[in-house]
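Taking UniProt numbering, the leading residue of the sequence shown gets 1, the next gets one more, and so forth. Encoded as structure tokens, the structure appears first; notes follow it.
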Amino acid sequence: MTDRFDRPTRPRRNTRDYAAWQVGRTVNLLAWFRSHPGGSLTAAAEQFGVSVPQLKHELLQATECGLPGHLAGSLVDVTLSANHADVVDAQGLDVPFSLTDSEAGVLLFCLERLASVLPAEERGDVASAAGKIRGLLRESRNRREGWDDPAGAPGDDGDTGDSAGTPDPAGPAASTMSELNRAVAGRHEVEFDYVSASSDTRRHRVLIPDHVGLVEGEGYLWGRPTGDAAQRCFAVSRISGLTVTDRPAPARVRPRITADDPFGMKRAAEQGAELTLTSDAAWMLEYLQIWPTEDGTPEAPTALIPDTGAWLDRFLIAYASGITAVAPDEVRERVADRTSRALAAYRDLA
């Protein structure tokens with residue numbers, strides 16, 4: 001017996017159906033080579049009914065796919081030799097497509113928010129979809145915890161997931177956002193541990209919550225540290241150990257959020273710094289929240305970056321080899337002072 005894939009009727013080229021058909025075949029190719037390490041290109045070509053050059057072309061196209069950012073380790077990785085191929089990393093494309101628990105939790109949160117603004121007689125379809133997602137989240141949690149029978153798992157009440165009740169705790173993002181919304185509405189301070197993407201550190205935060213919202217499917221909390229500190233934005237996916245305290249929070253301050261600049265980065269850039277980069281550092285224009293200006297050249301591109309204080313200082317020091325000039329003088333002098341103090345501290349330790 002052979003594990004030959006069924007070959008559906010081939011759609012006409014340069015059509016939407018053909019593109020979808022080719023994507024499906026490429027995904028099947030990745031799955032086939034993952035299950036046949038070092039597999040023969042000739043055998044795969046026979047298996048899928050395509051030529052070896054076409055098969056190589058599709059595998060190379062797949063290496064341009066992956067997670068947003070397209071950094072090292074986030075793309076499909078395929079090794080090709082004369083007549084063999086190895087899929088080193090398929091980035092999940094070798095398994096059936098499905099939502100992660102976090103993605104499903106955010107979708108559930110969106111459905112619940114939608115249901116909250118609909119008249120009772122129009123909530124049926126939304127409640128049904130939310131119930132199905134809760135059931136899937138419960139099954140996912142039970143699989144992780146090793147329970148073969150979802151109905152027998154501790155904490156389950158036998159609900160089949162067709163009601164629009166309380167969000168299931170298996171959806172961490174939905175549960176966290178629900179608790180944050182409760183804190184915002186009830187005006188209570190919150191505490192949690194937060195992993196900062198800029199400094200890669202975990203810190204315990206005590207905040208006054210002001211707003212919870214979604215930006216491109218990701219949940220965010222806008223809040224202020226206790227005191228007179230400025231309002232900041234926190235990604236819900238990096239929040240853990242959330243506690244809604246009994247301490248009352250002051251009046252809510254709604255953030256200024258616009259569709260094209262939800263985090264105020266462009267507004268901050270107006271009071272930001274202008275950088276002149278080396279040609280080797282032009283990658284920053286594609287991967288970072290900076291905006292190119294017309295003053296630069298291909299050999300020395302220029303860009304605006306928000307002046308976020310300490311974060312910008314650390315950024316300029318870390319990537320100093322790719323930055324040839326910084327304006328205004330205030331930012332340049334601030335970074336120079338920070339560098340001098342750091343060097344002095346090292347000398348004191350010597």
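Each residue gets a CB set at the ideal place from its N, CA and C atoms; glycine is no exception.
The shortest C-alpha to C-alpha distance from C110 to any of V76, T201 and N181 is the one to N181.
When only Cα atoms are considered, L275 and P306 end up about 11 Å apart. According to DSSP, F234 shares a beta bridge with L221. DSSP places E64 outside both helix and strand once states are collapsed to three, so it counts as coil. Comparing C-alpha distances from D313 to each of T63, R341 and P301 shows the shortest one belongs to R341. Per DSSP, the continuous alpha helix (DSSP H) segment holding T42 begins and ends at L41 to F48. Secondary structure at G135: helix, using DSSP grouped into helix, strand and coil. DSSP places S240 in the strand class (E or B) of the three-state scheme. Per DSSP, the unbroken beta strand (DSSP E) holding A85 starts and ends at H84 to D89. L29 and A45 do not touch by the CB rule: their CB atoms are close to 10 Å apart, not below 8 Å. By the criterion of at least three beta-carbon pairs nearer than 8 Å, the segment 232-240 is in contact with the segment 181-194.
Going by C-alpha positions, W222 is about 30 Å away from R332. Beta-bridge partners assigned by DSSP to H204: D193. A distance below 7 Å between beta-carbons, with the five flanking residues on each side excluded, links A129 to the following residues of its chain, in chain order: L111.
Contact between T293 and T302 is confirmed by a C-beta separation of about 5 Å, below the 8 Å threshold. Under the DSSP assignment, T276 falls in the beta strand (DSSP E) whose first and last residues are A273 to L277. Note on W32: 16 or more other CB atoms within 10 angstroms of its CB, so buried under the neighbour-count rule. Taking 7 Å as the cut-off, the Cβ atoms of R34 and D94 count as close.
Distance from the CA of L108 to the CA of G186, rounded to the nearest whole angstrom, comes to 22 Å. Looking at L285, Y220, V27 and P225, the one whose alpha-carbon comes closest to that of G322 is L285.
Under DSSP, D125 takes part in no beta bridge, so it has no partner.
Judged by their CB atoms, V206 and M177 are not nearer to each other than the 7 Å cut-off. W283 and A300 have their alpha carbons spaced roughly 12 Å apart. By a beta-carbon distance limit of 8 Å, V244 contacts H188. Their separation comes to about 5 Å.
D210 counts as buried, since at least 16 other C-beta atoms from the protein chains shown sit within 10 angstroms of its C-beta.
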